[in-house]
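Participant:
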Amino acid sequence: MIVHSWVVSTVERAVNQDCIFCKIVAGEIPSAKIYDHGGVFAFLDIAPVNKGHALVVPKKHYATLFELPPDIGRELILALKTVGQAVMAATGAEGLNLGMNNFEAAGQLVDHAHFHLIPRHKGDGLTLWTQHAYESVEDMQKLAQAIRSAIG
Ligand code: AMP
Ligand code: ZN
-9 MIVHSWVVST VERAVNQDCI FCKIVAGEIP SAKIYDHGGV FAFLDIAPVN
41 KGHALVVPKK HYATLFELPP DIGRELILAL KTVGQAVMAA TGAEGLNLGM
91 NNFEAAGQLV DHAHFHLIPR HKGDGLTLWT QHAYESVEDM QKLAQAIRSA
141 IG
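Here the sequence shown stands for residues -9 to 142, where the numbers follow this note's numbering.
1) Put V5 into one of helix, strand or coil per three-state DSSP.
2) Starting from A80 and walking both ways along the alpha helix (DSSP H), at which residues does that stretch end?
3) Just to check, is the beta-carbon of N40 closer than 8 Å to a non-hydrogen atom of the ligand AMP?
4) Measure the alpha-carbon distance for D129 versus A123 and round it to whole angstroms.
5) Under the DSSP definition of a beta bridge, which residues are partnered with L107?
6) Rank G28, F11 and V30 by C-alpha distance to the C-alpha of S21 and give the top, closest one.
7) Please return the same chain residues whose Cβ sits closer than 6 Å to the Cβ of Y52, not counting the five positions on each side in sequence.
8) For L109, count neighbouring C-beta atoms within 10 Å of its own C-beta (all shown protein chains included) and say buried if the count is 16 or more, exposed if not.
9) Tell me Y25's beta-bridge partners as DSSP assigns them.
10) Determine the DSSP secondary structure at E57, reduced to helix, strand or coil.
11) Can you give the Cα-Cα distance for L34 and T117, rounded to whole angstroms?
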């Protein structure tokens, strides 16, 4: 009996009933699937930045980068490389952007951790973000110190 309740609670944590990506992984809603290996799944983004824009997701439901267990890293890197290379080959892209939005403030719309693979072509006109200068070198070093302290 104890084993049974452990299994149920594990499954409940692995799938979020309200999550669109959990439903895609489970095949409950359709997707243009491109990769399905071990704990990782990939499919085409329905609203691509460029054609071939793919989403790589852990099959289990984790909300953000910060909830991903470190031991999924190897499988994820392998999937990102495999899918990324295939997207470039199939689209004739000369470059590839890897991106991840974490939390609403960073533009995360779907609360199931996912990596964007965006094929890039020379002169495609896509600009990622604008950059700024620090007030001073001291300002930059002070922030670096604060981040080092936060790492501990
Ligand atoms: P993010 O803003 O990082 O959370 O990205 C979520 C991405 O999921 C967006 O680029 C959407 O276009 C994409 N998306 C949402 N629903 C679907 C779906 N049903 N199939 C494929 N991609 C989707
Ligand atoms: Zn999910």
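All C-beta atoms, glycine included, are put in the ideal place defined by N, C-alpha and C.
Facilitator: If we stick to the structure as given:
1) coil
2) G63 to T81
3) no
4) 10 Å
5) A44 and L88
6) F11
7) L58 and A103
8) With the sequence shown as reference, residue 109 is identified as Pro, and Leu is not the correct amino acid for it. Label assigned to P109: buried.
9) A32
10) helix
11) 21 Å
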